[in-house]
Amino acid sequence: MPLRVPPRVHLRVPLCAALLGGLLLAAAPAHAASVNFGVAYTAPTGPWTYPLWGQVGVDDLSVSGGTLSAAVSSRALSVGYRRGLSLPPLATVSARTDLTVTLNREYRLSSRASGSAGPVAVSGGGAVFTLPATGSDPLAAYAEAPTDLRVRGWNADLAVRYRVNRDLVAVLGGEFGPQVHGTLGVEGRRALTRVVPPDPADVPEDAGDGSDPAPMPDPETEVTGTVTWRAGVRGGPDLLAVTGGVGYATPAGVTLNLDALAGVSGWRSRPSTLAAQTTWGVGGSVAAPDLLGEGSLLRAYATYEPWRVAASPLRAGVNASVPAGSGRVTVDVAGGRGGDGALGFGVKVGYSFDLGRP
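Numbering (mature numbering (1 follows the signal peptide of the UniProt record, and there is no 0)) for the sequence shown: -32 to -1, 1 to 326.
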C-alpha cells in the first residue's frame, strides 16, 4: 500500500525544527558544527502524495567522542551518529548508524562500519526498513550507487580488500537481500610520469681546459596522472558475469571512470527450462574541480544496469557544489527509468555553512 503522510506532519515540522535549533545552540559552543538547508522537487512522487520536499539539519555535533547529525524534513525525522577509533600502530575502525522515522511509525535503520589492520581492510553495512530510501533522500532512486527502492525489507553488503603490494589489491565481497551476489576481483594502479627538462642553471659548464665535464644531474620526473583498472566476476542465483573498469585522475583533481559488466541472467525466473539470456551493464562518471570557480566541484554520471531487480536500471545525474559567502551551495539534478519502465527526475538545491570553532 502506498505510504500516505497525514497533514499533521506539516503542522509538527515547525516544532521539530525548534527542537533541532535548541540542540544546535546547546552543542555549538563545544564543537564546530555545520547547518544545512535543502529543498527538492521530484516527479513522479513515488509513494508520497506531494512532489515537494524541504529539510533543515545540523552535522558534526560532538557527542561522547563521536559526531551527531540530525535533520527534520517535510517527510521524516533523521538522526545519525558516527565514531572512529584508532588502535595503534596499524588498526583503525569507524562506524556510522542512521535512523529515519515518520509520524506514521515507518522507519529506516542503517549502519555501516569499516576497519583496517595492516594490508587488510574490511567494510560492511546493512539496513532494515519499512520506509523507502526516498524518505530521507528524494533523489535516492537516481543516485549513482544502486539503491534498494522497496518499501520494506532488509539488505546488507560486505567487502574485504587485501593489499598485495603498493599497486595491487585483491577484493572479495557480497550483496545480500533482494538480489544475492558474490564478487571476486582485483584492482590496480599505475602512475604516469614524464621527465622534467633540467634547469639551465643546473647544467655543468665546460671548464675549457680539456678536462672531462662534470656529470649531468639525474633527470627528475613528475606525475602527470594515475591510471586505475578493475577486473573481476560477479555471480549469484540469477546472474553470472565478468566485470571490468578503468579510471584516470590528474594531479589537478579531474577524474574519469568507466565500468562495464557482461554475462548471462534470467534462469531463476524460468527454472523449468533453465533458460538464460545475455545481459550487460555500463556506467561512467567524470568530475572536475574549480570549473565553476575556485573551490567548486562539478560531477556527472550515468549508469545502466538492467539486471538489477530492486534498483532503478537507468540512472543519471549532475552534481555541482560552489562556495557562496561563508558556506556552499549544492545543486543536484538526476533522473532515470524505474523498474516499471516509468521515467522520472528530481532537482535538489541545498545550502550549508560552518558555525566555526570558538
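No residue lacks a Cβ here, since even glycine has one placed at the ideal position from N, Cα and C. Quick caveat, the model's predicted, so the values are computed rather than measured.
Counting of Cβ neighbours within 10 angstroms places Gln23 among the buried residues, the total reaching 16 or more. Approximately 6 angstroms separates the beta-carbon atoms of Val297 and Val290; this is inside 8 angstroms, confirming the contact. Ala288 sits in a strand when the DSSP states are folded into three classes. Our two residues, Ala108 and Pro257, have alpha carbons roughly 24 angstroms apart in a direct line. Cβ neighbours of Thr70 within its own chain (closer than 6 angstroms, five residues either side excluded): Ala44. Secondary structure note for Pro257: its beta strand (DSSP E) is the uninterrupted segment Gln245 to Pro257. Secondary structure of Tyr130 (DSSP, three-state): strand.
Secondary structure at Gly103: helix, using DSSP grouped into helix, strand and coil.
Excluding sequence positions up to five before and after Ala124, its CB lies within less than 8 angstroms of the CB of Gly92, Gly93, Gly94, Ala95, Glu143, Phe144 and Gly145, all in the same chain and listed in chain order. Judged by beta-carbon spacing, Ala113 lies beyond the 8 angstroms limit of Ser84, meaning their Cβ atoms are not closer than that value.
Under the DSSP definition of a beta bridge, Arg50 partners with Thr35 and Arg64. Distances from the CA of Val222 to each of Gly213, Val201, Val250 and Gly193 were compared; the closest alpha carbon is that of Gly193. Counting the other Cβ atoms within 10 Å of the Cβ of Gln245 gives fewer than 16, which makes it exposed. In chain order, Tyr216 and Val254 place their CB closer than 6 angstroms to the CB of Leu224, counting only its own chain and leaving out the 5 sequence neighbours on each side. In the same chain as Tyr75, and ignoring 5 residues on each side of it, the C-beta atoms closer than 8 angstroms to its own belong to Leu67, Thr68, Val69, Phe97, Thr98 and Leu99, in chain order.
Non-local C-beta neighbours of Ala127 in its own chain, meaning closer than 6 angstroms and more than five positions away in sequence, comprise Ser91 and Gly141, ordered along the chain. In the DSSP assignment, the residues bridged to Leu77 are Leu67 and Val96.
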